[in-house]
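Scroll down for the structure; my scribbles are underneath it.
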Amino acid sequence: MGRTSVELFAGGGGLVQASEAAGFRHLLLNEFARRACETLEANDFTGHPEDVSTDILAKAVEELPRAGEITDPSDHRALRRGVPLVCGDIRRLDMSFLRDHDVDLLAGGPPCQPFSLGGVAKGDEDERNMFPEMFRAVREIRPKAVMCENVRGLLRPSFAPYFEYIQRELALPFVRRVQGSDWREHDRILREADAAGDTDPSERYDVLLFRVNAANYGVPQIRNRVILLAFRGDLRVNLGKVRESLRHTHSETALLRTFQDGSYWGPGRHSTVPQHVRDRVAARVGDQLALASEDDGPLPWRTLRDAVHDLPPIDLDRLDRVTEQGFRDHVGWPGARIYDGHTPNELDRPAKTVKAGVHGVPGGESVMLLDKLAHGADDAGGYAHRYMTVRETARVMTFRDDWQLAGPRGERMRQLGNAVPVELGRVFAAAVAKALDEAEERR
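The UniProt record's numbering puts the first residue of the sequence shown at 1, with every later residue one more than the last.
Have a look at this one:
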């Protein structure tokens with residue numbers, strides 16, 4: 001637990017758990033949404049209002065245990081106690097006091113609505129775009145590495161020029177934008193600075209872009225995202241080695257082969273699944289193999305069944321009265337239905353992308369087909385179906401079972417839908433830690 005991290009836009013805690021699992025210890029968290037702050041506080045972080053003084057935060061960080069003082073690195077809850085969580089607008093948070101702490105990783109998923117409606121052509125930026133605050137944090141903290149996660153929508157052609165600008169600004173965060181200037185003018189200045197090549201290496205970052213599907217990294221969910229990694233130039237990190245270390249580890253092809261050879265249904269895995277379910281899965285393997293990507297990771301995709309098989313069954317006749325049965329948030333919910341555009345999750349595939357939904361209300365993505373045949377269930381191919389529980393959804397986001405989520409059901413689902421899958425974040429955070437270790441060994 002020698003390396004340190006700061007998490008901004010921490011949300012429901014996906015990246016927070018990920019950096020922990022990769023061996024980082026937290027110095028500071030920030031989040032704006034009230035319910036997400038309640039979640040983080042429920043998991044032992046110490047909440048502070050947005051008008052908290054810098055002196056109080058600096059004192060709190062100074063009092064955190066150092067690497068050599070940690071007796072049990074696996075006791076995550078103990079490691080979180082005392083870590084300041086600033087609940088409020090990041091624009092009011094001065095982080096320059098962290099510069100002396102030699103922060104290893106600055107991580108976050110900054111909200112990005114780059115343009116107001118109809119403003120793409122004019123270049124009118126939306127005030128909800130928080131990437132500028134991420135870059136301010138880089139200037140104030142000077143971390144060794146930065147990790148940003150965001151939606152694939154940033155790669156759309158209409159956003160491409162702005163996303164390229166984001167990457168240039170991350171690479172040269174100390175080339176400040178003149179207040180009131182247009183982003184295109186700042187981008188021109190960044191291009192000129194990059195071409196000149198005379199920026200101090202300690203004020204320049206080497207940026208890597210990854211287009212990822214979380215399923216290819218062991219997450220039981222199809223989730224397409226963009227991840228940016230950046231390393232401070234004076235560290236001379238081997239970028240090629242970092243990219244190589246983040247090759248896919250799991251693949252659809254490998255999963256389909258486990259259906260073919262029967263190992264998916266073997267002892268210790270899913271040997272109790274009814275034969276009619278196995279037959280249904282087997283009938284489609286040939287067509288799916290023909291369409292599967294050639295990018296073949298050695299391990300099979302993890303499925304929804306892999307994620308939830310050890311949870312207690314939900315009584316379909318008592319969906320409005322089910323108790324948690326020993327697992328937090330494992331509660332049934334009535335009213336699930338299937339309709340055009342909202343097809344359900346299948347147990348023997350990775351789950352569909354978990355979404356925050358509209359006003360926190362989950363959509364058809366949260367409905368799952370069961371193994372049970374049901375009369376009158378023609379909309380589900382003859383199989384019973386129900387809403388996924390919050391716990392099942394947390395499992396496909398690879399959240400820890402002991403991680404507490406605050407708020408009513410819809411709000412907990414919103415936090416999960418907005419989060420980074422823990423395992424995806426862990427893989428990338430671990431790659432950052434390894435790259436920093438190797439860079440420091442060479443110095």
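In this text, a Cβ means the ideal position worked out from N, Cα and C, and glycines have one as well.
Quick one: what does DSSP say D198 is sitting in, helix, strand or coil? Correct three-state label for D198: coil.
Which runs of the alpha helix (DSSP H) fall wholly inside the stretch 364-408 and span at least 4 residues, in chain order? Runs found: 390-396.
Same chain only: Cβ atoms within 7 Å of L319, ignoring 5 sequence neighbours per side: Here the set comprises G332, W333, P334, R386.
Report the three-state DSSP secondary structure of G12 (helix, strand or coil). Reduced to three states, the DSSP call for G12 is coil.
Assess, as a yes-or-no matter, whether the stretch 200-209 is touched by the stretch 227-242 under the definition of 3 or more beta carbon pairs within less than 8 Å. With a cut-off of 8 Å, the stretch 200-209 and the stretch 227-242 count as touching, because enough Cβ pairs lie within range.
In angstroms, rounded to a whole number, what distance separates the CA positions of E411 and L370? If I take the Cα positions, the gap works out to 25 Å.
Let's test the definition: count the other Cβ atoms within 10 Å of the Cβ of A435 and tell me whether it reaches 16, buried, or not, exposed. Taking every protein chain shown into account, the CB of A435 has 16 or more other CB atoms within 10 angstroms, so this residue is buried.
Using C-beta distances below 7 Å, list every residue in its chain close to F45, excluding the 5 sequence neighbours before and after it, in chain order. Only L29, R80, V83, L85 meet the Cβ criterion.
Beta bridge counterpart(s) of G47 as assigned by DSSP: For G47, the beta-bridge partners assigned by DSSP are L85.
What residue from R257, H186, A419, D75 has the CA that sits closest to F9's CA? When each option's Cα is compared against that of F9, the closest is A419.
Is the CB-CB distance between H190 and E203 below 8 Å? Inspection of the sequence shows that residue 190 is occupied by Leu rather than by His. No, Cβ-Cβ distance for L190 and E203 is not below 8 Å.
Residues bridged to C148 (per DSSP): Within the DSSP bridge table, the entry for C148 names G108, L228 as partners.
Please determine, among G286, C148, M368, T353, the residue with the shortest C-alpha to C-alpha distance to N224. Taking only the C-alpha atoms, the option nearest N224 is T353.
Helix, strand or coil, according to DSSP, for T4 in the structure here? If DSSP states are grouped into helix, strand and coil, T4 belongs with the strands.
So for P73, helix, strand or coil by DSSP? Reduced to three states, the DSSP call for P73 is coil.
Per DSSP, what are the beta-bridge partners of H250 in this structure? Looking at the DSSP assignment, H250 forms a beta bridge with L299.
Tell me whether the stretch 422-442 and the stretch 334-353 touch, counting them as touching only if at least three CB pairs, one residue from each stretch, are closer than 8 Å. By the criterion of at least three beta-carbon pairs nearer than 8 Å, the stretch 422-442 is not in contact with the stretch 334-353.
Check whether F327 and P313 have beta carbons under 8 Å apart: The beta carbons of F327 and P313 sit no closer together than 8 Å.
Could you check whether E50 and D89 sit closer than 8 Å to each other, using their CB atoms as the reference points? Yes, the pair counts as a contact, with Cβ atoms nearer than the cut-off.
Based on Cα-Cα distance, which residue from V390, P173, V422, A283 lies nearest to M413? Among V390, P173, V422, A283, the Cα nearest to that of M413 belongs to V390.
L93 by DSSP, collapsed to three states: which one? Looking at L93 - three-state DSSP - the assignment turns out to be coil, as it is neither helix nor strand.
Burial state of V396 (16 or more Cβ within 10 Å): When all chains shown are included, V396 counts as buried.
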